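Per the working numbering, the very first residue in the sequence shown carries number 678; after that it's consecutive. Just below is one structure, and these are the notes that go with it.
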Amino acid sequence: MNYDDQVSRRLKMGDLRMLLAIAQWGSMSKAAAHLNISQSAISKAITTLEHVLKVQLLDRTPQGVQPTLYGQALLRSGVAVFDDLRQGLKQIEFLNDPTAGELRIGCTEPLVPGVVAVVIDRLARRYPRITFHVTQADFDTLLYRELQGRNVDFIIGRVHGSVAKDDMDVEVLFHDQLFVAAGMNNPLVRRHRLKLADLIDEPWTLPSYDSQIGSLMAEAFRASGLEVPRASVVCFSIQMHNALLATGRYLSMLSGSMLRLSGRRLSIKALPISLPIKPRPVGIITLKNRTISPVAKLFIDCARDVAKPMLQSS
């Protein structure tokens, strides 16, 4: 019997679950309490596991326990094993009742009031028993913590160059352009001819120019031969920008997809100004070699349908 056969015969799902709990809680006592077992039982299980693998999985320190390099390698596999099992159970649940299920979506804030909300609403009307868990964060957090940690089924958002394509699949849905936006009661929305230069002295609410999206907005001004204006309000919250736009005093730059899909509901409108910057791709990012649940496939198919008009116009 070779090494792989010996390990596979003696390695148990319960052992992996204990190791995951210890890594999560940082101590055997807390992990034991979480799993509702004795600390001696969990300590014995880890000792036996280390003996089977012939490596040390945990470093014991006064501050607690931490996975070694060997432990980290096993943990990565363990996360994948439990995720695949969870996805398999979801498929069984869906096949048994295709009108129910759970979906974990990771998305960036600009996509929340637009594409994501529209797709969820369409699916919820047809499948009212589906539960949607939406995690909103910046792109890199979604990519490296939520998706690789298998905390979300996929990411939908503006695709950046930092995507690690060797272990991820990227499907571009459409290319999203930025537009200058104003509230419906802003006098500027009644003007048919405007230039970006006409708006420099208006009160702006924008993200920091040091951010990725803020630098793109700064590029729009500079490409128009203009100095970057001083924003009256600097923040990253789309809700804050929308609330200020609704007063009729402020201007901002928002994604075309949000304005197209939710502009009327939010009482926000794009001004007739063409910005000299290229639209950026918006897509769905999934892990390669990871089973996609039937509910996730429903969402992705619906997202493609919602994106078709924008794909044709981009």
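We put the CB at the ideal spot given by N, CA and C, even for glycine. No experiment lies behind these values; they were computed from the predicted model shown.
Quick test of your reading: residue i and residue j, contact by CB under 8 Å. State the CB separation rounded to the nearest angstrom.
i	j	result
Ile832	Leu819	5 Å
Ser704	Gly791	Actually they do not touch by this definition, with Cβ atoms about 44 Å apart.
Ile723	Leu730	In fact, because the Cβ distance is near 11 Å, the residues do not count as touching under 8 Å.
Leu824	Phe976	Wrong, their Cβ atoms sit about 15 Å apart, outside the cutoff.
Tell me, please, which residues DSSP counts as bridged to residue i.
i	result
Arg806	Ala777
Arg835	Val959
Should residue i go down as buried or exposed, given a rule of 16 or more other Cβ atoms within 10 Å for buried?
i	result
Asp830	buried
Val789	buried
Lys974	exposed
Asn679	Bear in mind that the predicted position of Asn679 carries a pLDDT of just 47, short of 50, making it unreliable; the figure below should be weighed with that in mind. The residue in question, Asn679, is exposed, as its Cβ has fewer than 16 Cβ neighbours within 10 Å.
Pro744	buried
Pro787	buried
Ala874	exposed
Gly834	buried
Ser892	exposed
Thr785	buried
Leu766	exposed
Val972	buried
Flag this pair as yes or no: are the beta carbons of residue i and residue j separated by less than 7 Å?
i	j	result
Gln964	Ala947	Just to set this straight, residue 964 is Leu in the shown sequence, not Gln. Not closer than 7 Å, so no.
Leu876	Leu928	yes
Leu922	Val795	no
Met987	Met930	no
Arg822	Asp760	no
Gly860	Ser944	yes
Gly755	Leu693	yes
Pro880	Ser909	yes
Please indicate yes or no: does the CB of residue i lie closer than 6 Å to some heavy atom of the ligand ADP?
i	result
His711	Judged by which ligands are present, the structure shown has none, so any question about the ligand ADP falls away.
> So, do the stretch 909-919 and the stretch 847-855 have three or more beta carbon pairs nearer to each other than 8 Å?
Replying inline: no
> Taking one C-beta from the stretch 950-958 and one from the stretch 888-907 each time, how about it: are there three or more such pairs within less than 8 Å?
Replying inline: yes
> For the stretch 744-758 against the stretch 704-721, are there 3 or more C-beta pairs whose distance is under 8 Å?
Replying inline: no
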